[in-house]
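Asks: For the sequence shown, my numbering gives the first residue as 7, with consecutive numbering after it. Backbone N, C-alpha and C define an ideal beta-carbon position, used for all residues, glycine too. Structure below; questions to follow.
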Amino acid sequence: MAVATPPYASDALSEGTVDAVVIGGGAAGLNGALVLARSRRSVVVIDGGSPRNAPAEAV
Ligand SMILES: Cc1cc2nc3c(=O)[nH]c(=O)nc-3n(C[C@H](O)[C@H](O)[C@H](O)COP(=O)(O)OP(=O)(O)OC[C@H]3O[C@@H](n4cnc5c(N)ncnc54)[C@H](O)[C@@H]3O)c2cc1C
Numbered sequence: 007m008a009v010a011t012p013p014y015a016s017d018a019l020s021e022g023t024v025d026a027v028v029i030g031g032g033a034a035g036l037n038g039a040l041v042l043a044r045s046r047r048s049v050v051v052i053d054g055g056s057p058r059n060a061p062a063e064a065v
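Written out as structure tokens, the structure is:
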């Protein structure tokens, strides 16, 4: 896996217990986290910063 390079953003991890941890912040992971959040679940997304479509300028 490629190493993440700026620009990228990272929030501090929650200190408490969360309902779900999503590994991977690509399209699939973000969509899963969005659905969970809309269901009022607390979610942490952990991403390595190397999405498959990185060469694309926009989605
Ligand atoms: C060159 C290219 C251009 C593309 N352009 C388009 C486009 O214009 N429009 C379109 O609809 N689709 C496009 N696609 C297809 C699209 O990129 C994929 O379908 C989509 O990215 C798949 O999403 P995903 O979440 O499954 O995987 P990914 O996008 O690969 O995301 C997976 C994420 O999980 C992270 N990850 C994996 N393992 C770990 C781990 N152990 N710990 C932490 N993080 C981890 C990775 O760093 C990555 O960020 C393109 C694909 C390529 C290759």
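Report yes if the CB atom of valine 28 is closer than 7 Å to the CB atom of valine 65, and no otherwise.
Replies: It is not a contact, given that the beta carbons lie outside the stated cut-off.
Asks: What residue from Arg47, Ala18, Gly31, Ser45 has the CA that sits closest to glycine 55's CA?
Replies: The option with the nearest alpha carbon to glycine 55 is Gly31.
Asks: Under 7 Å, CB to any heavy atom of ligand 1. Which residues pass, going along the chain?
Replies: Per the Cβ criterion, the list is Met7, Ile29, Gly30, Gly31, Gly32, Ala33, Ala34, Gly35, Ile52, Asp53, Gly54, Gly55, Ser56, Pro57, Arg58, Asn59, Pro61, Ala62, Val65.
Asks: Note down, in chain order, each residue of its chain lying with its Cβ closer than 7 Å to the Cβ of alanine 26, except the 5 sequence neighbours on either side.
Replies: So the qualifying residues of the chain are Leu42, Arg47, Val49.
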